[in-house]
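Undergrad: Chains as they are written, first to last, in the working numbering: chain A, -19 to 364; chain B, 1157 to 1289. Yeah, the Cβ is synthetic: ideal placement off N, Cα and C, and Gly gets one too.
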Amino acid sequence: MIYLDNAATTKILPDVLDEMMIYLTEEYGNPSSFYDLGQRSKIAINKARDIIAESIGAKSDEIYFTSCGTESDNWAIRGAAYLGKKQGKNHIISSEFEHHAVLHTLESLKQEGFEITLLPVTSDGFVDLEKLKLEVRDTTCLVTIMLANNEIGTIQPIEKIKKICEEKNILFHTDAVQAVGKIKIDVKELGVDMLSISGHKIHAPKGVGALYIKSGIKLPSYIHGGGQERNKRAGTENVASIVGFGKAVKIAIDKMSENNKYVLNLRNQLIDYILEKIPATKLNGDKQKRLPGNINISFEGIEGESILLMLRKYEICASTGSACTSGSLDPSHVLLSIGLSHEMAHGSIRFTISELNTQEEIDIVKKVLPDIIKKLREMSPIWK
Amino acid sequence: MQYSDKVMDHFYNPRNIGTIEDPDGVGEVGNPKCGDIMKMMIKVDNGVISDIKFKTFGCGAAIATSSMGTQMIKGKTLKEAWNISNKAVVEALDGLPPAKVHCSVLAEQAIKEAIKDYCKKNNLDYKSLVADI
């Protein structure tokens, strides 16, 4: 199998699993318990907290563990909306090509009476921040813009938002789920008040995420119950996964420049090869300011799912747009937001490379892809 | 997306793919917005569909239903072909995921459009042609 869908999820690294194992077996204590078995679990999750905090330039008590990136997004956005409401503010600014964890949360807030402005995206895949200044109102309580797009990998210049938000006393959140471990992140430089992270995108297990909340922000709880996470996020901690999350972040940060160099080489090779060898193709999103492993290409005249099925024959795993939408008939909202026609949006494939991929694997893709595209185009009534 | 072995067989080895020069009838349905376009061309001899070819822009299910649909109507009379439902195509493929059933509807529509086109070109009333006598 050739796994090229690392933006969907990643393989757990052996070192991560090793670190977790004891907390799935002997060290099963509840971190809230008084005795040593429990306290050792507590120490373990706080060690992971320290690593994650340090990796983004935050303090440990600004990191709250959650069940996933989606929960972090929901918590940050709903929490900021409620804080805004208390001050008589009901307007939120985001962008057209956010992840559904953000867009659908905003949609539900709209049903509750909030006003939502979605900023347009330029054709090379960047939120039009010039428009942000024009859209800010006295009633704006939150700006939420992703750090790197999950489908086309473009890295947003969100540090430019800081000043606008500070001047107007607006909370600023970013979904950094795709960016963590891939690009250097410093919450102070970015100027964000909240930042969402997920474990399984960086070789930790599924079911664990975190939300950075800048100290001083009194974000209301989202999950109510016991006193875990300093009374902010109830529920017995997923100790083993949190430990794995910490280890995965540590490895990702330690190896970032080495991994990025390796992944970038494979990525650029494949992009250049496809664009050169296969006619009527288009790279979606700027080539430079994108995540190291991301390739998103549209093939004129054919449909993405049929490409995936052809790739399946060679056990190559990729995705159309995003895994979350591959069961749906609508083309990707991200690709439509950057101005692609429905036809080109339907004909897109995303390959996301990690450091676990090999040159041999990329060579196999290079070998089989041109014929797959040719065969499907021969079947297509709209390919001339 | 979980497809049956039959769907995958028709996707990897589509039957009747291509075009017919000088077709007697052409049916094209769908649009790029939905991500499916099917074009079917038929040859008709003495009221029988003697040849059929298709081209499809779409997902695996769209290609497989086109392939199976054309296979089922080749050699059939126009009336028999008209009465082959999308349900029959789905059954012949050992089923489709619910989200993909609309592809089989498109295949049925493309066949019907090709028959209508044939009738129009030959000044035939398709309604009486396909009606039970």
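Apart from the five residues just before and just after A/R357, which ones in its own chain have a Cβ nearer than 7 Å to its Cβ?
TA: The answer, listed in chain order, is G281, I282, W363.
Undergrad: Got a sec? Which residues, its chain only, sit under 6 Å from A/F331 by beta carbon, not counting five neighbours each side?
TA: Closer than 6 Å at the Cβ level, and outside the excluded window around A/F331, lie L(-16), I275, A298.
Undergrad: Which parts of the stretch 124 to 162 of chain A are runs of the alpha helix (DSSP H), unbroken and 4 residues or longer, counting only runs that do not cross its ends?
TA: List check, alpha helix (DSSP H) in window: 141 to 148.
Undergrad: For the beta strand (DSSP E) containing A/V314, list its first residue and its last residue.
TA: A/V314 -> not in any beta strand (DSSP E); alpha helix (DSSP H) instead, spanning 313 to 317.
Undergrad: Run through chain D and tell me which residues come within less than 7 Å of A/L289, C-beta to C-beta.
TA: This model lacks chain D altogether, as its protein chains are A and B.
Undergrad: CB-CB under 6 Å to B/K1256, same chain, minus the five flanking residues each way: which ones, in chain order?
TA: So the list reads A1217, once near-sequence residues are dropped.
Undergrad: Which chain B residues are close to A/M359, counting only those with a beta carbon under 7 Å from its beta carbon?
TA: Those are P1170, I1173, K1211, T1212, I1219, listed as they occur along chain B.
Undergrad: Return the chain-ordered list of same chain residues with a C-beta closer than 6 Å to the C-beta of B/K1195, the five sequence neighbours on each side being excluded.
TA: Counting only Cβ-Cβ distances below 6 Å, and skipping sequence neighbours, we find E1184, K1211.
Undergrad: Taking only beta-carbon atoms, is A/H80 less than 7 Å away from chain B?
TA: It does not; no Cβ of chain B falls within 7 Å.
Undergrad: Helix, strand or coil, according to DSSP, for B/M1194 in the structure here?
TA: In the structure shown, B/M1194 sits in a strand (DSSP, three-state: E or B).
Undergrad: What first and last residue would you give for the alpha helix (DSSP H) that runs through A/L365?
TA: Because chain A is modelled from -19 through 364, residue 365 of chain A falls outside the range shown and cannot be assessed.
Undergrad: What in chain A is Cβ-close to B/K1189, meaning under 7 Å?
TA: Simply H322.
Undergrad: Return no unless some Cβ of chain A is closer than 7 Å to the Cβ of B/K1272.
TA: Chain A, which has no Cβ nearer than 7 Å to the Cβ of B/K1272, makes this no.
Undergrad: Give the DSSP bridge partners of A/I296, in chain order.
TA: DSSP lists A/I(-18) as partners of A/I296.
Undergrad: Could you pull the start and end residues of the beta strand (DSSP E) that B/E1184 belongs to?
TA: That run of the beta strand (DSSP E) goes 1181 to 1187.
Undergrad: In chain order, what residues of the same chain lie with their CB nearer than 8 Å to the CB of B/I1219, ignoring the 5 residues before and after it?
TA: The answer, listed in chain order, is H1166, F1167, P1170, T1212.
Undergrad: Can you tell which of A/I43, A/M(-19), A/Y15 has its C-alpha closest to the C-alpha of A/G196?
TA: Minimum Cα distance to A/G196 is reached at A/I43.
Undergrad: How should A/F225 be labelled, buried or exposed, when 16 other C-beta atoms within 10 angstroms of its C-beta is the threshold for buried?
TA: Buried, since its Cβ has 16 or more Cβ neighbours within 10 Å.
Undergrad: Spatial neighbours of B/G1186 within its chain, please: C-beta separation below 6 Å, excluding the five flanking residues on both sides.
TA: Hits under 6 Å: D1192, I1193, M1194, L1262.
Undergrad: Using a cut-off of 7 Å between C-beta atoms, extract the partners of B/I1193 located in chain A.
TA: The answer, in chain order, is P361, I362.
Undergrad: Is the beta carbon of A/L98 closer than 7 Å to that of A/E76?
TA: Contact: yes.
Undergrad: Please confirm if the stretch 339 to 355 of chain A is in contact with the stretch 1170 to 1179 of chain B, defined as three or more CB-CB distances below 8 Å between the two stretches.
TA: The answer is no - the stretch 1170 to 1179 of chain B does not touch the stretch 339 to 355 of chain A, with fewer than three Cβ pairs under 8 Å.
Undergrad: In the DSSP assignment, what are the bridge partners of B/D1207?
TA: Answer is B/K1199.
Undergrad: Contact between the stretch 116 to 132 of chain A and the stretch 62 to 80 of chain A: three or more CB pairs below 8 Å?
TA: Touching, yes.
Undergrad: Along the chain, which unbroken stretches of the alpha helix (DSSP H) at least 4 residues long are found entirely within the stretch 235 to 304 of chain A?
TA: Listed in chain order, the complete alpha helix (DSSP H) runs (minimum 4 residues) inside the stretch 235 to 304 of chain A are 236 to 257, 284 to 292.
Undergrad: Going along the chain, which residues of its own chain have a beta-carbon closer than 8 Å to the beta-carbon of B/P1188, five neighbours each way excluded?
TA: Excluding positions up to five away in sequence, the list reads F1213.
Undergrad: How about B/T1226 and B/S1260: are their beta carbons less than 7 Å apart?
TA: In this structure, B/S1260 does not lie closer than 7 Å to B/T1226 by Cβ.
Undergrad: Is it the case that the stretch 40 to 54 of chain A contacts the stretch 183 to 199 of chain A, given that we only count it when at least three CB pairs across the two stretches are under 8 Å?
TA: Judged by Cβ distances under 8 Å, the stretch 183 to 199 of chain A makes contact with the stretch 40 to 54 of chain A, as three or more pairs qualify.
Undergrad: On a Cα-Cα basis, can you pick out the residue from A/L89, A/E131, A/T216 that is closest to A/A325?
TA: It is A/E131 whose Cα lies nearest to the Cα of A/A325.
Undergrad: From B/Q1265, B/G1203, B/E1264, B/P1254, pick the residue whose C-alpha is nearest to that of B/L1280; which is it?
TA: It is B/G1203 whose Cα lies nearest to the Cα of B/L1280.
Undergrad: Taking Cβ-Cβ distances shorter than 9 Å, what residues in chain A pair up with B/E1184?
TA: Under the 9 Å cutoff, chain A gives P361.
Undergrad: State the Cα-Cα distance for the pair A/L83 and A/T(-11), rounded to the nearest angstrom.
TA: So the two alpha carbons sit approximately 20 Å from each other.
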